[in-house]
Amino acid sequence: MAGAPTVSLPELRSLLASGRARLFDVRSREEAAAGTIPGALNIPVSELESALQMEPAAFQALYSAEKPKLEDEHLIFFCQMGKRGLQATQLARSLGYTGARNYAGAYREWLEKES
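Quick note on numbering: my numbering labels position 2 of the sequence shown as 2, and the sequence is numbered without any gaps.
Here is the structure:
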């Protein structure tokens, strides 16, 4: 399995501060409900492929958020430790989302550094 482009914590902070990143928490609903990075949209990795292939209106109805566009520059995926985030990033890129990147430090690093 090939790697995928990643984003570091300082880069993620800067993207979030400037409002340029879309953040996707690909952990289970239970994990995300227990705490997530502010502003992240929870789409479990098991649902991601169908979610990214939905019509925009269906995506909006299901997730109460705008569907990302193929050309969006900073689509950041993360999970708890990094593995599902990597899977999600590879999946999104295989579907044509060229700006998809994995926050490799994942939620674990965010919790350590941000709380």
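Every residue gets a Cβ at the ideal spot worked out from N, C-alpha and C, and that includes glycine.
In terms of residues, what are the limits of the beta strand (DSSP E) holding residue i?
i    : result
A100 : A100 to Y103
L12  : It is not in any beta strand (DSSP E) - L12 instead sits in the alpha helix (DSSP H) that spans L9 to A17.
Using alpha carbons as the reference points, say which of the options lies closest to residue i.
i   : options               : result
R29 : N42, A21, E49 and L23 : N42
G39 : E47, E49, I76 and P10 : I76
I37 : R13, P68, E55 and F59 : R13
Q87 : G19, E31 and A106     : A106
F24 : E49, P10 and G3       : E49
R84 : A21, R108 and E55     : R108
Q53 : S94, A34 and E73      : S94
According to DSSP, what are the bridge partners of residue i?
i   : result
R22 : L75
L41 : F24
T89 : None; T89 has no bridge partner.
T6  : N102
Which same chain residues, not among the five before or five after residue i, have their C-beta less than 6 Å away from its C-beta?
i    : result
R27  : C79 and Q80
M1   : Interpretation of M1 is limited by its pLDDT of 42, a score under 50 that renders its predicted location unreliable; no figure is taken from the coordinates.
F59  : K67
A104 : T6 and G82
Got a sec, what are the start and stop residues for the alpha helix (DSSP H) residue i sits in?
i    : result
Y97  : Run containing Y97: none; DSSP gives neither H nor E here.
A106 : A106 to E114
A32  : R29 to A33
If I measure Cβ to Cβ from residue i and keep anything under 8 Å in the same chain, skipping five residues before and after, which residues do I get?
i    : result
L111 : G35
Segments of 3+ residues assigned as beta strand (DSSP E) that fall wholly inside the stretch 48-86: Taken in chain order, the whole beta strand (DSSP E) runs of length 3 or more contained in the stretch 48-86 are 75-78.
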